[in-house]
Amino acid sequence: MFRRAGTALAVLALATGCQHAPGPNGSAPPPPPPIDYAVLREQHNQRIARIPTVRTSGVIELRWRDERGGSHFEQGDIRLFLRLPDRLSLQVHKLGETFLWFGADQGGYWLFDLLNKDDRVLYLGRDAGAAPADVPGAIHPLRLIDLLGMTALPDEAAVGYHEGHDAWLVETVGQGGAVRLYFDRATLLPKRVEGLDGSRVICAGELRDYESLAVDGLPPGLFPRIPMRIRLTDVRHDGEATVALGEPTTRINERAFHNAFDVEQLVRMLAPHRRVE
Numbered sequence: 005m006f007r008r009a010g011t012a013l014a015v016l017a018l019a020t021g022c023q024h025a026p027g028p029n030g031s032a033p034p035p036p037p038p039i040d041y042a043v044l045r046e047q048h049n050q051r052i053a054r055i056p057t058v059r060t061s062g063v064i065e066l067r068w069r070d071e072r073g074g075s076h077f078e079q080g081d082i083r084l085f086l087r088l089p090d091r092l093s094l095q096v097h098k099l100g101e102t103f104l105w106f107g108a109d110q111g112g113y114w115l116f117d118l119l120n121k122d123d124r125v126l127y128l129g130r131d132a133g134a135a136p137a138d139v140p141g142a143i144h145p146l147r148l149i150d151l152l153g154m155t156a157l158p159d160e161a162a163v164g165y166h167e168g169h170d171a172w173l174v175e176t177v178g179q180g181g182a183v184r185l186y187f188d189r190a191t192l193l194p195k196r197v198e199g200l201d202g203s204r205v206i207c208a209g210e211l212r213d214y215e216s217l218a219v220d221g222l223p224p225g226l227f228p229r230i231p232m233r234i235r236l237t238d239v240r241h242d243g244e245a246t247v248a249l250g251e252p253t254t255r256i257n258e259r260a261f262h263n264a265f266d267v268e269q270l271v272r273m274l275a276p277h278r279r280v281e
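For any residue, its number in the numbering used here is found by taking its place in the sequence shown, counting from 1, and adding 4.
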């Protein structure tokens, strides 16, 4: 996200995953039979389509380095609102005090960096698809939607097999830019998502402990599954975050949802010292 607080939302490129045992002659085992991309796309996109607006709480642990190389750690609680495809609001607070609040919607994106009480900054962008150069981080709010595995797949794309992660691999363009998704071969759920700058990985998300999300009007067998533990990385700025979600719900107070995206109301409440646009 951003070097002072936001870089806090990140996770160094994680272990490459399980390697297959060598064959009887020490040779690499053959890759699994290829999957039909249409099957993978249909299951993934149906899951996304069944996820309405979501509200959840949770806890977060943040680790990052400042510009002088000093290490920092923060732990806090989160409140998350998500409405696909492109609306996200995440508040990070501790003992009733907010120290990070960022989000994006059709009107743009924002990030309140409030860790330094003497220099509380609002980063604001009217173009939700691009962050200004002054915002010192890789994880744009829209990229977080991608890193949560919540981006739909296009009608056509190539699918390959990645031996290091033992996963199906798809590259596409998400809400926040180019992404590479790794799908578990057994469940076809995304297990890792990487944000790309060209061919370079700049941020990543590891998704674990999927659970069913109850949705009114759907039978339990069709409830979409969402990850309950998330690890995020900002590779360029050596930061990481671990997020554990509480009890996600699709039952939303619309006024509370609206307030979470009302930037001018947030400005009055959080009182940043300056804006960077």
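Cβ coordinates follow ideal geometry from the N, Cα and C atoms, glycine included.
Distance between residue j and residue i (C-alpha atoms, nearest Å)
i           : j           : result
residue 290 : residue 224 : Within the shown structure, residues of the chain are numbered from 5 to 281, placing residue 290 beyond reach of any answer.
residue 259 : residue 34  : 55 Å
residue 241 : residue 192 : 31 Å
residue 187 : residue 66  : 26 Å
residue 247 : residue 43  : 30 Å
residue 257 : residue 268 : 20 Å
residue 147 : residue 85  : 15 Å
residue 104 : residue 96  : 5 Å
residue 76  : residue 64  : 14 Å
residue 80  : residue 61  : 11 Å
residue 164 : residue 154 : 20 Å
residue 261 : residue 36  : 44 Å
residue 71  : residue 93  : 27 Å
residue 45  : residue 112 : 28 Å
residue 40  : residue 83  : 38 Å
residue 271 : residue 107 : 13 Å
residue 168 : residue 245 : 23 Å
residue 198 : residue 265 : 26 Å
residue 124 : residue 98  : 16 Å
residue 182 : residue 68  : 24 Å
residue 279 : residue 116 : 9 Å
residue 277 : residue 127 : 11 Å
residue 175 : residue 129 : 26 Å
residue 101 : residue 249 : 19 Å
residue 49  : residue 243 : 31 Å
residue 189 : residue 47  : 12 Å
residue 281 : residue 114 : 9 Å
residue 173 : residue 156 : 14 Å
residue 204 : residue 185 : 14 Å
Status (buried if at least 16 other CB within 10 Å, exposed otherwise) for residue i
i           : result
residue 275 : exposed
residue 252 : buried
residue 194 : buried
residue 273 : exposed
residue 58  : buried
residue 150 : buried
residue 110 : exposed
residue 38  : exposed
residue 201 : exposed
residue 177 : exposed
residue 220 : exposed
residue 159 : exposed
residue 180 : buried
residue 226 : exposed
residue 171 : buried
residue 255 : exposed
Residue i in three-state terms, based on DSSP
i           : result
residue 110 : coil
residue 54  : coil
residue 255 : coil
residue 225 : helix
residue 231 : strand
residue 101 : strand
residue 281 : coil
residue 146 : helix
residue 118 : coil
residue 219 : coil
residue 248 : strand
Proximity test, residue i beta-carbon vs the ligand COA heavy atom, cut-off 8 Å
i          : result
residue 44 : Although the ligand COA was asked about, the structure shown includes no ligands whatsoever.
CB contact below 9 Å: residue i versus chain C
i           : result
residue 124 : The chain inventory of the structure shown lacks chain C, comprising one protein chain alone.
Using a Cβ distance threshold of 8 Å, determine whether the stretch 48-57 contacts the stretch 231-246, with at least three qualifying pairs required. Between the stretch 48-57 and the stretch 231-246, the count of C-beta pairs closer than 8 Å stays below three; the two stretches do not touch.
Sufficient close CB pairs (3 or more, under 8 Å) joining the stretch 208-219 to the stretch 108-126: Because the criterion of three Cβ pairs below 8 Å is not met, the stretch 208-219 and the stretch 108-126 do not touch.
Ranges of the beta strand (DSSP E) found wholly within the stretch 36-98, counting only runs of at least 3: The stretch 36-98 contains these whole beta strand (DSSP E) runs: 58-69, 75-87, 91-98.
What are the uninterrupted segments assigned as beta strand (DSSP E) that are 3 or more residues long and contained completely in the stretch 151-216, given in chain order? Entirely contained in the stretch 151-216, the beta strand (DSSP E) runs reaching 3 residues are, in chain order, 163-166, 171-178, 181-188, 194-201, 204-216.
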